[in-house]
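Residue numbers (the numbering used here): 3 to 88. In this text, a Cβ means the ideal position worked out from N, Cα and C, and glycines have one as well.
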């Protein structure tokens with residue numbers, strides 16, 4: 003799965019992963035409000051075997067398929083998962 007990664011202009015180390023070519027207008031409004039302007043960081047080809055720094059690739063791909071995005075929060079900030087939209 004090819005995905006595009008964006009970083010938040012408002013919150014350090016908050017990243018949004020979406021399928022490459024996705025329409026960002028489909029991201030929940032409250033999440034977009036929290037993130038502020040999204041700055042494109044890179045495009046990445048994900049496989050289950052690919053190692054990522056903070057999360058398993060499989061989880062990222064599943065959430066992109068199920069919700070349309072994966073939100074990577076700053077480390078050690080939240081003890082409970084934060085959910086937006088669906």
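Sequence-distant residues of the same chain with beta carbon closer than 7 Å to residue 2, five excluded per side
Coverage of the chain is limited to positions 3 through 88, which leaves residue 2 absent and any answer about it impossible.
Just list the residues that DSSP pairs residue 19 with in beta bridges.
7, 72
Secondary structure at residue 51, three-state DSSP: helix, strand or coil?
coil
Residue 44 - partner residues in DSSP beta bridges:
7
Within its chain, find whatever has a CB closer than 6 Å to the CB of residue 39; leave out the 5 residues flanking it on each side and keep chain order.
11
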